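Protein chains in written order, with the numbering used here: chain S, 16 to 939; chain P, 25 to 171. No residue lacks a Cβ here, since even glycine has one placed at the ideal position from N, Cα and C. Just so it is clear, the structure is predicted and the values come from calculations on it, not from any experiment. The structure under discussion appears below in the form of structure tokens.
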């Protein structure tokens, strides 16, 4: 053994560590108050779950590995397997707990079975009996670690209780837990400071353990292989590395250990507290589901090297439970030993804090409160109770920790304490049927749960607790081998002759067997009451029922708002109570709190909130005391459920209706907008037509009047004016025709004839017809066409109209000298194309996009040619009608080139060979 | 191309301001022909513009007493010309008769809003238009328009 450390140093470091812990928690609480939560984070959540690793695992794993080899592993295998199904099981637990403001595992189970105070009390009692020794074990680890470091007692013999800091640690933790665990009365609210501190502790213990592991494996040995090699040389060590250590039933033991640890990760009060109650967001589970197993893997990497290294270096005589401390200490690494001690301290304190909060909440809500209510020491009416309740919880915290300390002082080195870890696991495993069954089986009843819990607990006490007490030397151990009163069949560790199992597997088998049989049998025996049935529905179908207004409320009766408000004020404080009622007034659409009717939903809300403070069972009793309730039977529950689902169906139908109405109204307004646009277009068209008609009329009228009023007008002037009048009259006539034409086409009343058209002949005729016009402009028209083109299906008169339009258009723009109009007919496999190109100024860029619109005449104001502004739009509609396309092919610096194209199979009709067009039309 | 018509001051018997400069701004050549003949017959000195921009330039350069302004011209519309004239201190007092072929109420309102002195719908009566022009020029130019 190396040089011991001074007690002052060890106590000082421990005190410093605790101070840091307080600081972390205080910081996290302050952040939470500022609305910048530290713990709303999946990493923190995952780390906080590692509260599973207590001092028992921190020191004990190495001890277990040194004595039984790989048997330390199942303790980690179980949780890892459970985390695989966390998303299914744990998420449901979280959803249930958050929806109904459940505060502890006792609350959870009792709530499921009709909010039974008796069930809550039984679960709490089992917890206290099972967990208090476990708390003592943690204190023992703190004490033993101190003893090892200061060498006050060889091999961790506890010193006198006032000599080490264990009591101080217990008191400091009580203070911590009171400070950060009872900040608000509502236990369903999160304890941010505590969670942050626990997550930090998980980091500390992992780092410390890895540091010692690395020091031993790589500092004292040459790596894993070296540890293995040197340990193999020791007698009996090879057996540690195989699974045959426990004889023929090794697999049974593996199974029971894995099952036990798997269940305990769900059912230990501290795990329930961290995983379910303190969970901020159930999506964090996704990350925690691998972070937590990864953490377990990491903290186990060096367990075997430490165990084997300790055996090699310290010999068989040394206590393997303290290898983590003694290995560094013996090799002069005092600082590392101190770090290792802090790691162990963090493992112990983390467990102590969370376990104490969880157990004290249960004790307060499920033992003390019901007792006070029953004894009429607390009544539903009266003054503010929040302070009293908080003080009860604070007293419970102190009580639980002191009870643990007392147990540690009394039991000390006894077998009962040493083996308590797994015994505790087996105790909480009794919750499994009632809790898991209750989440998935609607038929489970209160009676079944009570029977299962009590039966399983009794068997556990008889087969596991009692023998450990006997082995501690506190009672005659003879009955262990011979059975009580000599009845061998009742021997606690070989019940009904079941031998060959280790005592843990044996106890687990019998206790869960009895538990399960009673749970199922009694549940099936009597149908659930109304309240049990309603709670069963709320739990099993929690995902189907959110917190929506259509959720069923299983309550019937009469209540007064004032009574409920007073009750809420007493238990939650005036501020919270007012907030609850105002929120409900807002949600229900009632403007004023005073106008609220105390309907079932309000009663339900108040009861849920009170449950967060005093537990579901006590909340039920308190609400029942202020309301005039009608008992519900199972039939009523079904009725309420049916009403609710009907409501949901209506709500959904309404939602769909309103959605389709929305869509219809959107369509209507779109149609309306379209109509308005069309109307505006029509208005514009009318306005344009009016303008175009008035313009020639203006000239005609003005000139006529002037001639009339000027009798002495010169003959030449008169001739000029008459010529203009004739021209404008013609323009007017043309315009009227084209407007009518356009209107006919647009309204779909135009007559379209469809025959086979020889486009070459048609184009040639059009060129001939306009030759005279072109000649007056001094221009020539040049026609280029292939020898023959296939015929197209179209209306020849309309196509002629298009051709004349394009050519006369071109003629307007040719220059006075050397005007030339090129008309080209082109044919390819798909269709025919006609181009009309002039050598005029071209279409200015601004007009190119709109040239085919109505009343957009080309040319500028100075020399706008006569026209109606309807020629091109009409041409476009004609070409469109025959499935073709018309466009302007304008190249910079050249004349305008208008072109149109007609498909050979116009309207899909013109089949290539002997098929007649009529037949072809039928086939399309 | 300079579209401005040279001033012809022929001796005409009417009592209205002899040789007063008037501008005819319209993009329809035949309407210009008729208006030009009419105004010259009454003894005015006639200027012609074929679009809005040209009209505004001519007004600023020649300071005509009165403008017969077509509302719908390419480029700059008659309304825009009217507004520009009213915003220009030098030519603000020019009399403006707006001519429009649309005759919709919104157009009327726009014309008045733009600051036209009168608003005449095409096709118009030459006699009535002439009377309106004469009346307008008989009024003292100052005071008819507050500065």
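Query raised in the report: Between the beta-carbon of residue 378 of chain S and the beta-carbon of residue 411 of chain S, is there less than 8 Å?
Result: yes
Query raised in the report: Since residue 142 of chain P sits in a beta bridge, which residues does DSSP pair it with?
Result: P/121
**Report entry** Pick from S/496, S/480, S/385 and S/708 that is closest to residue 407 of chain S, judged by C-alpha positions
**Finding:** The shortest Cα separation from residue 407 of chain S among S/496, S/480, S/385 and S/708 belongs to S/385.
Requested in this report: Using 10 angstroms around the beta-carbon of residue 825 of chain S, count the other beta-carbons present and answer buried if the total reaches 16, otherwise exposed.
Outcome: buried
Query raised in the report: Cα-Cα, which of S/371, S/226, S/519 and S/210 is closest to residue 151 of chain S?
Result: S/371
Requested in this report: Can you give me the start and stop residues for the alpha helix (DSSP H) that residue 816 of chain S sits inside?
Outcome: Its alpha helix (DSSP H) spans residues 811-828.
Requested in this report: Write down the C-beta distance between residue 137 of chain S and residue 468 of chain S rounded to the nearest angstrom, noting that I regard them as a contact closer than 8 Å.
Outcome: Yes, residue 137 of chain S and residue 468 of chain S are in contact; Cβ-Cβ is about 5 Å, under 8 Å.
Query raised in the report: Mind checking whether residue 867 of chain S and residue 888 of chain S have CB atoms under 8 Å apart?
Result: yes
Query raised in the report: Helix or strand or just coil, what does DSSP make of residue 912 of chain S?
Result: Three-state DSSP puts residue 912 of chain S in a strand.
Query - When S/321, S/773 and S/96 are compared against residue 309 of chain S, the one with the closest alpha-carbon - result: Ranking the options by Cα distance to residue 309 of chain S, first place goes to S/96.
Requested in this report: Report the three-state DSSP secondary structure of residue 152 of chain P (helix, strand or coil).
Outcome: helix
Requested in this report: Taking the CB atoms as reference points, tell me whether residue 342 of chain S and residue 227 of chain S lie closer together than 8 Å.
Outcome: yes
Query raised in the report: Would you say residue 116 of chain S and residue 624 of chain S are within 8 Å of each other, going by their C-beta atoms?
Result: Cβ distance < 8 Å, so residue 116 of chain S and residue 624 of chain S count as in contact.
**Report entry** Contact list for residue 57 of chain P against chain S, beta-carbon separation under 7 Å
**Finding:** 739
Requested in this report: Check whether the Cβ of residue 720 of chain S lies closer than 8 Å to any Cβ atom in chain P.
Outcome: yes
**Report entry** Burial state of residue 759 of chain S, where buried means 16 or more other Cβ atoms lie within 10 Å
**Finding:** Under this definition residue 759 of chain S is an exposed residue.
Report task. Sort S/598, S/611 and S/556 by Cα distance to residue 574 of chain S and report the nearest one. Result -> S/611
Query raised in the report: How should residue 657 of chain S be labelled, buried or exposed, when 16 other C-beta atoms within 10 angstroms of its C-beta is the threshold for buried?
Result: exposed
Query raised in the report: Can you list, in chain order, the residues of its chain whose CB lies under 7 Å from that of residue 162 of chain P, leaving out five sequence neighbours each side?
Result: none
Requested in this report: Return the bridge partner residues of residue 799 of chain S from the DSSP annotation.
Outcome: In the DSSP secondary-structure assignment, residue 799 of chain S is bridged to S/839.
Report task. Determine the extent of the alpha helix (DSSP H) in which residue 419 of chain S is found, giving its start and end residues. Result -> 401-426
Query - Nearest-angstrom Cβ-Cβ length linking residue 853 of chain S and residue 836 of chain S, presumed shorter than 8 Å - result: Confirmed, about 5 Å.
Query raised in the report: When DSSP labels each residue in this structure, what does residue 339 of chain S get in the three-state scheme?
Result: helix
Query raised in the report: If you check the beta carbons only, do residue 106 of chain P and residue 139 of chain P fall under 8 Å apart?
Result: yes
Query raised in the report: Would you report the Cα separation of residue 649 of chain S and residue 307 of chain S, rounded to the nearest angstrom?
Result: 42 Å
Query raised in the report: Is the shortest distance between the beta-carbon of residue 709 of chain S and the beta-carbons of chain P less than 8 Å?
Result: yes
Report task. Determine the closest residue to residue 762 of chain S out of S/153, S/833, S/315 and S/892, with distance taken between C-alpha atoms. Result -> S/892
Query raised in the report: Tell me the DSSP bridge mates of residue 901 of chain S?
Result: S/915
Query raised in the report: In the structure shown, what three-state DSSP assignment does residue 330 of chain S receive?
Result: Note: residue 330 of chain S maps to coil in three-state DSSP.
Query - residue 111 of chain P at chain S interface by Cβ criterion, 8 Å - result: Taking Cβ atoms only, chain S never reaches closer than 8 Å to residue 111 of chain P, which makes this a no.
Report task. Taking all protein chains shown into account, decide if residue 864 of chain S is buried (16 or more other Cβ within 10 angstroms of its Cβ) or exposed. Result -> exposed
**Report entry** Contained alpha helix (DSSP H) runs [length at least 4] in the segment 607-665 of chain S, N- to C-terminal order
**Finding:** 615-629 and 631-641
Query - Beta-ladder partner(s) of residue 753 of chain S, from DSSP - result: DSSP output for residue 753 of chain S lists no bridge partner at all.
Requested in this report: Take every Cβ of the segment 104-114 of chain S, pair it with every Cβ of the segment 129-145 of chain S, and state whether three or more of those distances are shorter than 8 Å.
Outcome: No: fewer than three Cβ pairs fall under 8 Å.
Query raised in the report: Buried or exposed: where does residue 282 of chain S fall if 16 or more other Cβ atoms within 10 Å of its Cβ makes it buried?
Result: buried
Query raised in the report: Out of curiosity, what's the CA-to-CA distance linking residue 409 of chain S and residue 287 of chain S?
Result: Rounded to whole angstroms, residue 409 of chain S to residue 287 of chain S spans 20 Å at the Cα level.
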